[in-house]
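Undergrad: One structure, pasted below without further comment.
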Amino acid sequence: MLNVSEINVFYGDLQVLWDVSFEVKEKEIVVLVGANGAGKSTILRTISALLTPKKGSIEFDGRRIDHLPANKIIEHGIVHVPEARRLFPEMTVEENLIMGSLYGEAKRKRSETMDYVYSLFPRLKERKKQTGGTLSGGEQQMLAVGRGLMSLPKLMMLDEPSLGLAPLLVQDVFNIVKHINEAGVTILLVEQNVRQTLGMCNRAYVLENGRIVLQGTGCELLENEQVKEAFLGI
Ligand code: ATP
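Here the sequence shown is numbered in our numbering, starting from 431 and rising by one per residue.
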């Protein structure tokens, strides 16, 4: 479904991704793991067209997407739920959800998708007239995921959805991600919570200093000595 091939990405003169290649197949959950600064968020930003690769290609559903503008990427069915949620804090929950469904099919189906989002997150329904900035961290994360779903994505990219959440809520977030995946949405996940995410994913890639250094199934990587030492503290 998504095929990233040998991309090099820069911030100005600073190269942060080097020949990065990976794929995500339809219906999979794929995880990118790596230390702070390894380049995980940069990969997601590049797929969603906030950055342009200097070399390499990105294909989605058999089509090149690496030179399309960000709004076209969303229309192709890719949504990016960014790190730190990036909600509109002065807007209500409902208005934030509407912002996820401004165009095309997502706009036409807005009301039924919103019902679906509220069924997944009853807390958001209870707080639909409350402003985003007044929600708890966990509720804000739910709203960020809900806003992503409003665009009717085929592929949802989530950047550290568990960041800053209490352990009990972290499990809730991963359960929701699994549920969304079972409902047919392919998932590309960036996470620091390596043990839990490797336990739930189909496949994972390990990124080090902007390069993919390991790949395998979640189980394979959980057993890998390098992964154990670097991420699991074993
Ligand atoms: P983290 O979990 O800390 O976000 P990450 O693996 O997602 O880590 P990136 O945010 O992709 O890492 O950053 C990769 C590299 O690019 C780092 O060296 C970082 O300092 C640098 N970088 C990130 N954003 C910018 C920017 N806007 N301008 C310049 N350099 C940047």
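Note that CB positions come from ideal geometry on N, CA and C, so glycine has one too. On a predicted model such as this, the values are computed, not experimentally measured, just so you know.
1. Might you give, ordered along the chain, the residues of its own chain that have their beta carbon closer than 6 Å to the beta carbon of Leu-652, omitting 5 neighbours on each side?
2. Can you tell me which of Gly-464, Pro-519, Arg-625, Leu-498 puts its alpha carbon nearest to the alpha carbon of Ser-566?
3. So, for Pro-499: in the same chain, excluding its five sequence neighbours on each side, which residues have a beta-carbon less than 8 Å away from its beta-carbon?
4. Please work out which residues of its chain come closer than 6 Å, Cβ to Cβ, to Asn-433, disregarding the five sequence neighbours upstream and downstream, and give them in chain order.
5. Could you spell out where the beta strand (DSSP E) holding Tyr-548 opens and where it closes?
6. I'd like to confirm the pairing. Which residues does DSSP put opposite Met-587 in its beta bridges?
7. To the nearest angstrom, how far is the alpha carbon of Ile-606 from that of Leu-550?
8. Apart from the five residues on each side of it in sequence, which residues of its chain come closer than 8 Å, Cβ to Cβ, to Ala-574?
9. Need the endpoints of the beta strand (DSSP E) that Ala-634 sits in, please.
10. With respect to 7 Å, is the separation between the Cβ of Leu-444 and the closest non-hydrogen atom of ligand 1 below this value?
11. Give me the residue from Lys-539, Gly-486, Ala-465, Glu-456 with the minimum Cα distance to Phe-440.
TA: By the coordinates alone:
1. Leu-628
2. It is Pro-519 whose Cα lies nearest to the Cα of Ser-566.
3. Ala-479
4. When the five nearest sequence neighbours on each side are left out, the beta carbons in the same chain lying within less than 6 Å of the beta carbon of Asn-433 are those of Glu-453, Glu-489, in order along the chain.
5. Following the DSSP letters along the chain, one finds Tyr-548 in no beta strand (DSSP E) but inside the alpha helix (DSSP H) bounded by residues 540-550.
6. His-510, Leu-618.
7. 8 Å
8. Val-511, Pro-512, Arg-515, Arg-516, Leu-517, Pro-591
9. 633-638 is the span of the beta strand (DSSP E), which, as asked, contains Ala-634.
10. yes
11. Gly-486
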